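**Student:** Below are the structure tokens for one structure; questions will follow.
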Amino acid sequence: MQTHSTTLVLRGISSMATQSLLADLTQVYLTQTGVQVRIESVGGVDAAKRVQAGEAFDVVLLASDAIERLIASGHVQTGSRVDWVRSPVAVAVPAGAARPDLSNEAALKATVLASPTLSYSTGPSGVYLEKLFERWGIADEVKARTVVPPPGTPVGTLVASGQAALGFQQLSELMALAGIDVLGTLPADVAFITTFSSGIPSVIAADAARVAGVQSFLQFLASAGVQDVKRKQGMDF
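Dropping the structure here:
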């Protein structure tokens with residue numbers, strides 16, 4: 010693996026879904042190469058807005074559709090996208106609560122209808138769930154019982170505090186939280202997996218050394234050697 014000067018520090022921004030994983034991976038990368046990568050994790054919508062505003066990041070790591078929009082708008086360099094991890098959507102209830110049936114689509118629909126309150130993220134998984142609720146014909150009914158998480162607030166914390174009786178979010182964001190029971194991922198017939206991608210912001214296009222440093226980091230993120238780290242966080246590639 011290419012090693013760069015220890016003076017190189019890369020700054021990136023990501024959504025909350027990959028925060029813990031990136032904390033682990035950047036530490037491994039630092040140990041292997043001496044290159045420090047500092048990733049700020051915020052709500053995905055806010056992250057994209059900051060990149061669009063021209064804030065100086067070396068790398069942006071978001072859901073693939075968000076990266077594509079930033080490429081289309083000229084804020085991320087064309088051809089720089091690298092898909093590096095996939096994350097399934099999971100379901101959680103407050104710790105000790107009854108564990109509803111999630112064995113198939115019909116069971117999931119019945120569980121959603123029976124839940125007095127529910128919450129889901131505002132990212133790609135939330136968009137998917139809203140379309141699923143529309144297909145089931147229950148969108149309006151569900152919306153009245155939905156607790157919308159504030160930006161950067163994990164759905165699991167709303168479930169743990171009792172504000173939501175049922176929560177949907179990336180498995181990686183739910184699995185480490187106290188006060189909840191993770192029931193598993195969505196049933197196979199309606200499963201949803203988010204692909205997270207990375208891109209190089211256009212603002213650093215003229216800095217060849219920095220771009221090369223980012224490219225080496227992105228190759229590391231997508232490499233087979235870090236698969237075990239991803240699996241420990243409930244993700245894979």
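The numbering of the sequence shown is the working numbering, which starts it at 10 and goes up by one.
Where a beta carbon is used, it is the ideal one built from N, C-alpha and C, also for glycine.
Values in this document were obtained by computation on a predicted structure and should not be read as measured data.
(1) Can you have a look at residue 143 and say buried or exposed, based on whether 16 or more other CB atoms are within 10 angstroms of its CB?
(2) Quick one: Cα of residue 13 to Cα of residue 26, how far?
(3) On a Cα-Cα basis, can you pick out the residue from 173, 106, 231, 209 that is closest to residue 221?
(4) Identify every residue that forms a DSSP beta bridge with residue 49.
(5) The ligand NAD and residue 128: does any heavy atom of the ligand fall closer than 6 Å to the residue's C-beta?
(6) Report the three-state DSSP secondary structure of residue 125 (helix, strand or coil).
(7) For residue 147, does the three-state DSSP call read helix, strand or coil?
(8) Please report the distance separating the alpha-carbon of residue 84 from that of residue 246.
(9) Find out if the Cβ-Cβ distance for the pair residue 126, residue 156 is shorter than 7 Å.
(10) Residue 190 bridges to which residues according to DSSP?
(11) Would you call the CB atoms of residue 183 and residue 106 closer than 7 Å?
(12) Between the beta-carbon of residue 79 and the beta-carbon of residue 46, is there less than 7 Å?
(13) For residue 194, which of 152, 207, 39, 102 has the nearest alpha-carbon?
(14) Here's the rule I'm using: 16 or more other beta-carbon atoms within 10 Å means buried, otherwise exposed. How should residue 152 be labelled?
(15) Evaluate contact between the segment 35-43 and the segment 195-208, counting only Cβ atoms and requiring at least three cross-stretch pairs below 8 Å.
(16) For residue 1, does the three-state DSSP call read helix, strand or coil?
(17) Look up residue 71 in the DSSP assignment and say whether it is helix, strand or coil.
(18) Look up residue 177 in the DSSP assignment and say whether it is helix, strand or coil.
(19) With 7 Å set as the bound, which would you pick, yes or no: does the beta-carbon of residue 89 sit closer than that to a beta-carbon of chain B?
(20) Counting pairs of beta carbons, one from the segment 108-116 and one from the segment 230-245, are three or more of them closer than 8 Å?
(21) Residue 132 by DSSP, collapsed to three states: which one?
**Tutor:** Let me spell this out:
(1) As a first step, residue 143 must be located in the sequence shown, where it is residue number 134. Looking at its Cβ environment, which holds fewer than 16 other Cβ atoms inside 10 Å, residue 143 is exposed.
(2) Sequence index remark: in the sequence shown, residue 13 carries index 4 (1-based). Sequence index remark: in the sequence shown, residue 26 carries index 17 (1-based). At residue 13 the pLDDT is 48, less than 50, meaning the model places this residue with poor confidence; the figure from the coordinates comes in the next sentence. C-alpha separation (whole angstroms): 28 Å.
(3) Locating residue 221 in the sequence shown gives position 212, counting from the first residue. Minimum Cα distance to residue 221 is reached at 209.
(4) Locating residue 49 in the sequence shown gives position 40, counting from the first residue. 22.
(5) This structure simply doesn't include the ligand NAD, nor any ligand for that matter.
(6) The residue labelled residue 125 in the question sits at position 116 within the sequence shown. Coil, per DSSP.
(7) Counting from one through the sequence shown, the residue named residue 147 turns up at place 138. In the structure shown, residue 147 sits in coil (DSSP, three-state: anything other than H, G, I, E or B).
(8) For this step, residue 84 is matched to residue 75 along the sequence shown. For this step, residue 246 is matched to residue 237 along the sequence shown. Each residue's alpha carbon lies about 26 Å from the other.
(9) Residue 126 sits at position 117 when you count from the first residue of the sequence shown. Residue 156 sits at position 147 when you count from the first residue of the sequence shown. Yes, Cβ-Cβ distance for residue 126 and residue 156 is below 7 Å.
(10) Counting from one through the sequence shown, the residue named residue 190 turns up at place 181. For residue 190, which the question treats as bridged, DSSP gives the partners 102.
(11) Taking the first residue of the sequence shown as 1, we reach residue 183 at position 174. Taking the first residue of the sequence shown as 1, we reach residue 106 at position 97. No, Cβ-Cβ distance for residue 183 and residue 106 is not below 7 Å.
(12) Residue mapping note: residue 79 aligns to position 70 of the sequence shown, counting from 1. Residue mapping note: residue 46 aligns to position 37 of the sequence shown, counting from 1. Going by C-beta atoms, residue 79 is not nearer than 7 Å to residue 46.
(13) Locating residue 194 in the sequence shown gives position 185, where the first residue counts as 1. The option with the nearest alpha carbon to residue 194 is 102.
(14) The residue labelled residue 152 in the question sits at position 143 within the sequence shown. Under this definition residue 152 is an exposed residue.
(15) no
(16) No answer is possible for residue 1: the residues shown for the chain start at 10 and end at 246.
(17) Taking the first residue of the sequence shown as 1, we reach residue 71 at position 62. Three-state DSSP puts residue 71 in a strand.
(18) Residue 177 sits at position 168 when you count from the first residue of the sequence shown. If DSSP states are grouped into helix, strand and coil, residue 177 belongs with the strands.
(19) The structure shown contains no chain B, having only a single protein chain.
(20) no
(21) Against the sequence shown, residue 132 aligns to sequence position 123. Here residue 132 sits in coil by DSSP.
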